[in-house]
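A quick write-up on the structure given underneath.
The following block contains the structure:
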């Protein structure tokens, strides 16, 4: 009887281990992304207040006084006038390329601007000011999911002053 258990255990072990021989280097079924690049000098001048626009890929939401701020992943921050909660007004868009995360304390907004950390004064949402910038505070933006990157878009093949501010799905 113990030989039967030993044989069953060996069979179960062989069956279980057979799944370990899968080729994990095959990335043909993974999505392919291309980085959206911006020159470093352009990135440092990119934070700006522009006209309101539709929301499509939102993230965090903050409230400060009568305003609501809604993060748009990779792009910036929607500014909503919420004095009348039954009729909120989208009054502007704060363009911050490469922004995935924001935090607020009082009227100060902290946002990632791709690899940089920018501090903004939002005390007057109609006149947003950049208070400071910390260069290279964060690692390069990673693709949004496990993916393959074409050889021509790998970091070593990009222009030296290029910064990734987003990712575009190729397939």
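Numbering (mature numbering (1 follows the signal peptide of the UniProt record, and there is no 0)), first residue to last: -20 to -1, 1 to 151.
Every residue, glycine too, gets a C-beta built ideally from N, C-alpha and C.
The region 32 to 117 is shown to contain whole beta strand (DSSP E) runs of 3 or more residues at 38 to 44, 47 to 52, 56 to 61, 69 to 75, 82 to 85, 88 to 93, 96 to 101, 109 to 114, in chain order. Beta bridge pairing from DSSP links residue 15 with 147. Under DSSP, residue 28 takes part in a beta bridge, and its partners are 75.
In the DSSP assignment, residue -9 falls within the unbroken alpha helix (DSSP H) covering -19 to -4.
Comparing C-alpha distances from residue 68 to each of 75, 74, 60 shows the shortest one belongs to 60. Collapsing the DSSP output to three states places residue 132 in a helix. Residue 13 counts as buried, since at least 16 other C-beta atoms from the protein chains shown sit within 10 angstroms of its C-beta. Less than 9 Å divides the Cβ of residue 80 from the Cβ of residue 39. Contact between the region 98 to 115 and the region 25 to 38 is present: 3 or more CB-CB pairs across the two stretches fall below 8 Å.
Using a Cβ-Cβ distance cut-off of 8 Å, the region 113 to 125 and the region 39 to 49 are not in contact, since fewer than three pairs of beta carbons, one from each stretch, lie closer than that value.
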